[in-house]
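Below is one structure, written out as structure tokens; comments come after it.
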Amino acid sequence: MAIKYTLQGLLIYLTIALYLAAFLAAATGRKKTGQAVYLAGFILAAAAFACRWYNVRHVPFQNLFEVFLSMGMFVYPISIFCRRLLCVGGETIDMLIGAILLCPAGFVFNAEPQMLPPVLQSWLFVPHIAAYLISYVIMAKAAVQAFCQLKAKQDNSDDFAGYENATYKMICFGFPLLTLGLILGSWWGELAWGDYWGWDPKELWSLASWLIYVVYFHFRYMFGKKYARINSGLVLAGIVVIVITLLWVNLSRIFPGMHNYAS
659 MAIKYTLQGL
669 LIYLTIALYL
679 AAFLAAATGR
689 KKTGQAVYLA
699 GFILAAAAFA
709 CRWYNVRHVP
719 FQNLFEVFLS
729 MGMFVYPISI
739 FCRRLLCVGG
749 ETIDMLIGAI
759 LLCPAGFVFN
769 AEPQMLPPVL
779 QSWLFVPHIA
789 AYLISYVIMA
799 KAAVQAFCQL
809 KAKQDNSDDF
819 AGYENATYKM
829 ICFGFPLLTL
839 GLILGSWWGE
849 LAWGDYWGWD
859 PKELWSLASW
869 LIYVVYFHFR
879 YMFGKKYARI
889 NSGLVLAGIV
899 VIVITLLWVN
909 LSRIFPGMHN
919 YAS
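Quick note on the numbering used here: the sequence shown kicks off at 659 and runs consecutively.
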């Protein structure tokens, strides 16, 4: 366990505490209080992100500490966007997701500042990583909706259909960003190594996650809501592969590759 006895660490721990407090408040019916505390947590998360940016002198997307710090900050604006523009709820669970995403940054990964390697000093660094990280948070939110749909009773048609529709909206929102991340990564590979595709484990697992959502769209188009539980099962499979892409591929010695710098 890597406790951070720094200002940045304090900001992360306070954000986790506020996200959890917001979750408890919202879950117990005090939604306005929960939303206010949620906003306060986001402000602290943004401050921690800005502090890290100042310390390392580049957008903090380089390693897994910075990745989880960034995703913990992205949860709030994505949550608000989905509620107001997509009419997708689940904001209470988003508060818990935010706390969970910040825990690896707060307690697991080393926060020692690192120089940005030459291969990452590209204008594609920020849009490529940002597209993936935002899409991962969106897909996590979609997975929660899919899980709720699997638990819902099919004879309760309103809840069942509501979760299925919410899942579909979230995938439609996240999939273009997932695609953009894949395309920008291929372009970056061509610029850096002279090849659009290097069969690196991270590339393969990223493609695998993308293909699962392609299958989801195809299956839903072919069969609609007739097999809604299978649709949701595919969404949950997608988030499992995303976790493998984000963590196992970066940390496991089974998958050595060019992207292991992220560990």
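Even for Gly, the Cβ is constructed at its ideal location relative to N, Cα and C.
Note that the coordinates shown come from a computational prediction; the quantities given were computed from them, not determined experimentally.
query: CA-to-CA distance, G764 to Y712, given in whole angstroms; result: 18 Å
query: Where the alpha helix (DSSP H) through T686 begins and ends; result: First-last for T686: undefined, no H or E at that position.
query: Distance CB(T825)-CB(K860) smaller than 8 Å; result: no
query: Exposure of W855, with buried meaning 16 or more beta-carbon neighbours within 10 Å; result: exposed
query: Reduced DSSP secondary structure (H/G/I, E/B, other) of G853; result: Rather than Gly, the amino acid found at residue 853 in this sequence is Asp. D853: coil per DSSP, three-state reduction.
query: Nearest neighbour of L909, chosen from G699, F767, F877, A810 [CA to CA]; result: F767
query: Pick from Q666, E822, Q720 that is closest to L782, judged by C-alpha positions; result: Q720
query: Buried/exposed call for R710, threshold 16 Cβ in 10 Å; result: buried
query: Span separating the alpha-carbon of L869 from that of S844; result: 16 Å
query: Span of the alpha helix (DSSP H), counted from its first residue to its last, around C605; result: This structure does not reach residue 605, given that the chain is present from 659 up to 921, and the question cannot be answered.
query: Boundaries of the alpha helix (DSSP H) in which I900 is found, first to last residue; result: 886-901
query: Range of the contiguous alpha helix (DSSP H) that encloses A763; result: Looking at the DSSP string, A763 is not in any alpha helix (DSSP H), and its letter there is neither H nor E.
query: CA nearest to the CA of G687, picked from E749, G667, I670; result: E749
query: For P859, three-class secondary structure by DSSP; result: helix
query: Cα-Cα separation, Y663 to L702; result: 16 Å
query: Sufficient close CB pairs (3 or more, under 8 Å) joining the region 874-882 to the region 781-798; result: no
query: Same chain, Cβ closer than 7 Å to Y671, neighbours up to 5 away in sequence not counted; result: G764
query: Straight-line gap, D858 to S864 (C-alpha atoms, nearest Å); result: 10 Å
query: Residue environment, L744, which counts as buried when at least 16 other CB atoms sit within 10 Å; result: exposed
query: Beta-carbon spacing of K827, V746 below 8 Å; result: yes
query: Assigned exposure category for P718 - 16 Cβ within 10 Å defines buried; result: buried
query: Expected contact under 8 Å - CB spacing of G699 and A680 to nearest Å; result: 6 Å
query: T664, DSSP secondary structure in three states; result: coil
query: H786 - containing alpha helix (DSSP H), residue span; result: 783-809
query: Beta-carbon proximity list for L754, same chain, < 8 Å, skipping 5 on both sides; result: Y677, L678, F681
query: C740 and K809 closer than 8 Å at C-beta; result: no
query: Neighbour-count burial assignment, I930, 16 or more Cβ in a 10 Å radius; result: One cannot answer for residue 930 here, as it falls past the ends of the chain, which runs 659 to 921.
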